[in-house]
Amino acid sequence: MSLVEAQAEASRAARTLTHANARQEFAVLVAVEFTGQRRRLTAAAKLARDAAAMRSEAAEVSWAATHVGAGGDLDFAASLTEFEELARSAGAEVAATVVQRRAKPDPATLVGHGKLDEIVGVAASSGADLVLFDHDLTPTQLRNLEERLPCRVIDRTQLILDIFARHARTREGQLQVELAQLEYQLPRLAGRGKAMSQLGGGIGTRGPGETQLETDRRKINLRIDHVKEQLEAVRRIRRQQRQRREAVPVPVVALVGYTNAGKSTLFNALTEAGVLESARMFATLDPKLKQLQLPSRRKILLSDTVGFIRNLPHTLVTSFRATLEEVERAEVLLHVRDASSAMLDEQKVQVEKVLGELDVRGKPVIEVLNKVDLLSESERVRLVGGASGAATVAVSALTKTGLDRLLAAIDEALVADPLVEARFRLPQSEGAALAALEAGAVLGKKSFAGNVVYLTARGPASLLERYRRFRERG
Ligand code: GDP
Ligand code: MG
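Each residue of the sequence shown is one higher than the one before, counting from 64 in my numbering.
Below, the structure is given as structure tokens:
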């Protein structure tokens with residue numbers, strides 16, 4: 064064992080002790096700003112500028128020009144923050160971040176020689192499990208970096224695919240993401256032969272004179288064919304099912320929005336606020352889908368989705384869509400926005416563009432301005448007051464303020480089964496009906512006359528309709 068390896072081993076052992084139950088991996092992040100190729104306006108920034116221009120708001124036009132168009136610095140800082148968030152979303156803990164500015168990428172190793180030495184040192188001394196690059200690596204670069212570094216090397220596309228794999232919920236989505244992963248791996252196989260051969264590689268799977276690399280390629284190709292077949296089968300079944308559209312018993316409300324807007328924090332805050340006993344069952348099945356109860360007593364399934372990501376690699380668009388099927392199934396969307404972000408408007412344009420391409424027309428969208436705890440009073444007034452049209456609710460998922468108003472807004476937006484109010488007159492012997500109304504609606508004061516209960520209930524129309532025989536007329 065070399066000195067560097069021994070150091071890494073010791074460091075890892077120390078961590079295992081302090082993070083006994085955490086399964087998190089430690090990552091060194093590497094981001095490079097290429098100064099040679101002048102940053103062009105991203106498509107989204109252009110859209111943001113055009114949108115602002117259409118509304119002829121001069122202030123916003125200049126905002127877009129100074130903050131997005133010209134600024135390399137703010138752009139780089141923002142994308143670095145975003146990259147750190149992506150790493151966390153994938154379950155990594157950031158051990159260190161290494162930044163380099165260079166004119167153009169080194170074809171062999173992306174970063175320069177001196178920088179690579181530094182990364183090797185940082186990875187070793189921090190006992191990192193992996194090094195994450197905020198760029199895509201060519202097969203050659205990946206191979207060279209893997210040879211030099213004492214741990215796994217993951218590039219941007221692989222990282223994003225990993226996050227998608229965590230979020231893909233439907234069978235189709237999972238297959239879609241796996242397919243993208245396999246296709247990305249295929250040309251990058253060299254040097255990983257050992258790991259692959261341990262997976263299967265029984266007698267007979269290896270042809271005469273075939274190298275390990277060829278065997279691995281063959282295995283991946285077989286798996287790709289298999290995934291494609293399954294995908295086709297799943298789609299065929301889904302097409303059939305769509306015709307007899309199943310009634311969703313509990314409406315789904317999906318959180319959408321940019322990475323780092325605070326969706327997961329809000330998801331946790333809301334489910335804590337309205338958590339149900341039975342929700343535990345869901346929690347174990349799927350941590351991104353939880354049942355909760357609204358003030359009206361209506362139940363919903365809240366769904367946390369993958370964040371939208373700037374500069375999404377083109378090859379990942381299909382996989383990204385696959386993680387958003389939940390959004391198409393949802394009845395109400397909560398568009399979570401980071402009110403404190405300097406990129407607030409650019410992000411909104413990007414999110415709305417993606418939503419526009421999904422089948423979500425006509426779905427109510429509630430704009431959730433999150434992180435208002437970071438705003439000054441005047442900023443808050445300007446942002447919340449300036450919001451027009453769609454329902455807007457200002458919250459702080461962190462300090463848990465505004466959650467009641469948000470839950471009430473969800474209640475109002477659920478139009479499929481609107482809230483209504485009715486008077487009931489029930490014999491006391493109808494315990495089951497009374498219990499059902501109590502569980503599913505908000506009851507006003509009860510009054511008793513003999514063995515009859517009089518009460519007012521406000522709840523979903525479907526529930527009150529079910530007990531219409533006890534409704535009071537007039
Ligand atoms: P997601 O990517 O949209 O799921 O965002 P996360 O929920 O992971 O939050 C991203 C970061 O924003 C985390 O560091 C949160 O602690 C922080 N955050 C979320 N909500 C708030 C908020 O209301 N106020 C403040 N100050 N920070 C927040
Ligand atoms: Mg999240």
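Think of the CB as a built atom: it goes at the ideal place given N, C-alpha and C, for glycine as much as any other residue. Predicted model, so just to flag it, every value in this text is computed and none were measured.
Looking at Glu420, Glu440, Leu276, Leu470, the one whose alpha-carbon comes closest to that of Glu430 is Leu470. Residue environment: Gly177 is assigned as exposed (fewer than 16 neighbouring CB atoms within 10 Å of its CB, all protein chains considered).
With respect to the 9 Å criterion, Val319 and Lys326 are classified as neighbours on the basis of their beta carbons. Taken through DSSP and simplified to helix, strand or coil, Ala504 comes out as coil.
Under the criterion of beta carbons closer than 8 Å, Leu364 and Gln354 qualify as touching, at roughly 5 Å. Leaving aside the five residues that flank Asp367 on each side, the residues in its chain whose CB is nearer than 7 Å to its CB run, in chain order, Leu318, Lys326, Ser327, Phe330, Lys351. In the three-state DSSP reduction, Asp138 falls in the helix class (H, G or I). Short note on Gly370: C-beta closer than 8 Å to some heavy atom of ligand 1. About 12 Å separates the Cβ atoms of Glu181 and Val194, ruling out a contact at the 8 Å cut-off. Annotation for Arg234: Val297 place their beta carbon closer than 7 Å to its own, counting only its chain and skipping 5 residues before and after. For Asp367, the CB falls within less than 8 Å of some heavy atom of ligand 2. Ranked by how close their Cα comes to the Cα of Glu246, the residues Leu446, Ala90, Ala171, Asn284 have Asn284 in first place. In the three-state scheme derived from DSSP, where H, G and I count as helix and E and B as strand, Asn433 is classed as strand.
Here DSSP, grouped into helix, strand and coil, assigns Asp180 to helix. Taken in chain order, the complete beta strand (DSSP E) segments of 3 residues or longer contained in the segment 437-483 are 455-457. A distance below 8 Å between beta-carbons, with the five flanking residues on each side excluded, links Arg488 to the following residues of its chain, in chain order: Val515, Val516, Tyr517, Phe533, Arg534, Glu535. Not one heavy atom of ligand 2 is found less than 8 Å from the C-beta of Ser359. As DSSP reads the structure, Ala94 sits in a beta bridge with Val162. Relative to the non-hydrogen atoms of ligand 2, the Cβ of Ser403 never comes closer than 8 Å to any of them. Excluding five sequence positions before and after Thr381, the CB atoms of its chain that fall closer than 8 Å to its own CB belong to Gln239, Ala243, given in chain order. DSSP places Thr519 in the strand class (E or B) of the three-state scheme. The C-alpha of Glu394 is placed about 6 Å away from the C-alpha of Lys426. The three-state reading of DSSP puts Glu156 in strand, counting E and B together.
In this structure, His198 and Arg164 do not form a Cβ contact; the two beta carbons are roughly 13 Å apart against a cut-off of 8 Å. Non-local beta-carbon contacts of Thr386 in its own chain, meaning distances under 8 Å to residues more than five positions away in sequence, involve Phe227, His230, Ala231, Arg232, Gly236, Val240, Thr368, Val369 in chain order.
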